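Notes to accompany the following structure.
Residue numbers (UniProt numbering): 1 to 176.
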């Protein structure tokens, strides 16, 4: 069933998923693709990370840290995308496959939280219109169906969980 809360004076905030804590190495090797990330910028950022691991790039002082023991155990760079940027993430994977990198694609889904908040109006006329306005609620939560009165609590906020598709692209390092 469609999960929908609509209305003029409702703010919808999408929270990012809860991620496990990463150490510095994992943080440097995970690239997150968002819907506003330009394709070419993401391509260059990934290529720059891959170049840091080649031994020919180890001559510069900034790339030497990527040749130490901590980074020698690593085999791939992770590129993650979720929701509406799945297509962009998969296009990046195909591009690196064309550049003769080994690419693995792992799909899944992750739980995210949406927050709906009723906004306050300063004008009384708008308040009267708001009272007349019917908030469209069509939510099926398991066996219980929420009623219109149950949507907003005393603080005028509601949190809703939903599942979002994710894709993780693993681009394997070509060590010289």
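Backbone N, C-alpha and C define an ideal beta-carbon position, used for all residues, glycine too. Note that the structure is a prediction, hence the values are computed from the model and not measured.
| Item | Value |
| --- | --- |
| Rounded separation between residue 163 and residue 78 - CA only | 21 Å |
| Proximal residues to residue 134 (C-beta, below 6 Å), its chain only, five neighbours per side dropped | Since pLDDT at residue 134 reaches only 42, below the 50 mark, its modelled position is unreliable, and no value is offered. |
| DSSP three-state assignment for residue 109, whether helix, strand or coil | strand |
| Enclosing beta strand (DSSP E) for residue 78 [first to last residue] | 76-82 |
| Residue burial classification, residue 129 (beta-carbon count within 10 angstroms, cutoff 16) | For residue 129, the predicted model reports a pLDDT of 48, less than 50, meaning its position is unreliable and no value from the coordinates is stated. |
| Expected contact under 8 Å - CB spacing of residue 111 and residue 159 to nearest Å | Incorrect: roughly 12 Å between the Cβ atoms, too far for contact. |
| Whole-Å CB distance - residue 165 paired with residue 86, under 8 Å assumed | 6 Å |
| For residue 159: DSSP bridge partner residues | 115 |
| Burial state of residue 96, where buried means 16 or more other Cβ atoms lie within 10 Å | buried |
| Residue 52 classed as buried or exposed, judged by whether at least 16 other C-beta atoms fall within 10 angstroms | buried |
| Top-ranked residue by Cα proximity to residue 76, from 30, 167, 24 | 30 |
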